[in-house]
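Since the structure comes first, as structure tokens, the remarks are kept for the end.
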Amino acid sequence: MSRPLRIGLLLYPGCIPSGLLSFADLLYAANRRASQTLFETLFVALQAGPVACAGGVSLQVSQALSEVDVDALLIAGFWAESSRQVEKVVSDNNALVLALAACSKRVQLWSYCTGVCLIAASGRLEGQAATVTWWLAGAMAQRYPKVNWQSQRHWVINPSTATASGVTGYLPIAQALIERAIGQELFHDLAKLMVLARPVQAHPAFAAMSLIEQSSSLLRQLHRCVEDSPAEQITVQRLAEQLGLSPRTLARRVSAETGVAVAAYARCIKLNQVSERLMLTSTAVNTISADLGFSSDSNLRRMFKELTDLTPLEYRQQFGRR
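Numbering (UniProt numbering), first residue to last: 1 to 322.
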């Protein structure tokens, strides 16, 4: 039997540890399912000792990064709402970035969400395909032009690196590892046992439509207004009134932040709700149409196909959870 794959779960001050913990649980479950130790995980940090993570959580690390012998490192993300905040966190963790740059080339580097920025800063993504959370795509492409950014994708897995977008980006990385070790069929058994959500590659039209991913307070408020309103009642005038702005000011600010007219952006938000229900449920299209306030299911179908070039049925077949 070959030795287990040793994976360091890399902590640093202010990181979000939940993804690392979930990742470790998935690999533990895979070991149990395979009846052998395929994976070993351990917490590592620049220095041994307690690490103050986000949310007031402190985790104890017994080994420093320079002392451990691992095959791969999974780097957690951190809270940030702007590219400027990301730059500050990366700068504050310069010692960690240098340590990642100095890691042996045989050590694979994996990360998700904002943690990808730390690997990018280390230079280890140069010449490689990678992805990052959508709202950082422009800033990252400008700052690290030698990386082949593919931000329309939710995850990119290479022989020596793996990157994924979003706070649950650890999931497709774990899935790739587990399927490689025990096969796709056994992973699906594991997913059913753990009621595990299958990572979903959404249509590119909806890649930037998650409320939690909005970096701007205005866009977050706009999302809530649109999502809470029946589709046929959404107008620029009503949205502006709800947000306490003039229609002209709302149009100007949304266009400046998204590059899209406010009416088109609002339509995309509403159709993203349709997309989520098509992907995650088996609800009939006419029921989705009524629930979300479209004047008719034929109107919904027309608008949805105009945006995605797919009918709702085709979309569900291509992107829905199986």
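We treat Cβ as the ideally placed atom computed from N, Cα and C, and that holds for glycine.
| Check | Outcome |
| --- | --- |
| Considering just the uninterrupted stretch of the alpha helix (DSSP H) at G8, what are its terminal residues? | Here G8 belongs to no alpha helix (DSSP H); instead the beta strand (DSSP E) covers 5–10. |
| Grouping DSSP H, G and I as helix and E and B as strand, with all else coil, what is W155? | strand |
| Excluding the five sequence neighbours on either side, which residues of its own chain have a C-beta within less than 6 angstroms of the C-beta of L211, listed in chain order? | Any answer about L211 is weak, because its pLDDT of 47 lies below 50 and its placement is not dependable; what the coordinates show is given next. Excluding positions up to five away in sequence, the list reads H223. |
| What are the start and end residues of the alpha helix (DSSP H) that includes E40? | Taken as a continuous stretch (DSSP letters only), E40 belongs to no alpha helix (DSSP H), being part of the beta strand (DSSP E) at 39–45. |
| By Cβ distance below 8 angstroms, which residues in the same chain neighbour A99 in space, the five residues on each side in sequence not counted? | L46, L65, S66 |
| Let me confirm a value: S104 is counted as buried when at least 16 other C-beta atoms fall within 10 Å, else exposed. Which label applies? | exposed |
| Which one or two residues does DSSP pair with W149 in a beta bridge? | A130 |
| Runs of 3 residues minimum, wholly inside the UniProt domain "HTH araC/xylS-type" (220–318): which ones carry the beta strand (DSSP E) assignment? | none |
| Run the CB neighbour count on P145, radius 10 Å, all protein chains shown included, and call it buried at 16 or more, exposed below. | exposed |
| Among the residues of its own chain, which have a CB less than 6 angstroms from the CB of A266, if the five just before and after it don't count? | V226, I234 |
| Tell me which residues share the same chain as S295 and place their Cβ nearer than 8 angstroms to its Cβ, disregarding the 5 neighbours each side in the sequence. | A231, E232 |
| For S151, tell me which candidate among N158, W135, G183, R143 has the shortest Cα-Cα distance. | W135 |
| Could you compute how far the alpha carbon of R143 sits from the alpha carbon of D189? | 42 angstroms |
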